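Numbering (this note's numbering), first residue to last: 4 to 109.
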């Protein structure tokens, strides 16, 4: 799906995106630098009540945020693959970042 929107529409689009996601676990945003991908993630996190500062993961590659639903915390992983050279490097970085924490029982 491809969606184009203006900056004033961003909060509405974030709410729409969240409603469309349903049970999906991954959403990919594609666009040139400066097109508003992080701005959309920021609006989505704001809608979900994320308390952390939401910023671009261009240099960190992955930023993690948390939101709560009915007292249960859920993660959001904001991944920026811009600097990575190939799929192998992306997989290597994602595995390190996503699995660097010990697993805890849910």
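Quick reminder that beta carbons are idealized off the backbone N, C-alpha and C, glycines included. The structure presented is a predicted model; accordingly, all values stated were derived computationally and were not measured.
Original post:
Is the beta carbon of residue 33 less than 8 Å from the beta carbon of residue 48?
Top reply: no
Original post:
What distance in whole Å lies between the Cβ atoms of residue 70 and residue 77, which are believed to be in contact at a cut-off of 8 Å?
Top reply: Confirmed, Cβ separation roughly 6 Å.
Original post:
Looking at the unbroken alpha helix (DSSP H) that takes in residue 64, where does it start and where does it end?
Top reply: That residue, residue 64, is in no alpha helix (DSSP H); it is neither H nor E in DSSP.
**OP:** Within its chain, find whatever has a CB closer than 7 Å to the CB of residue 45; leave out the 5 residues flanking it on each side and keep chain order.
**Re:** 57
Original post:
Around the Cβ of residue 38, are there at least 16 other Cβ atoms within 10 angstroms (buried) or fewer (exposed)?
Top reply: exposed
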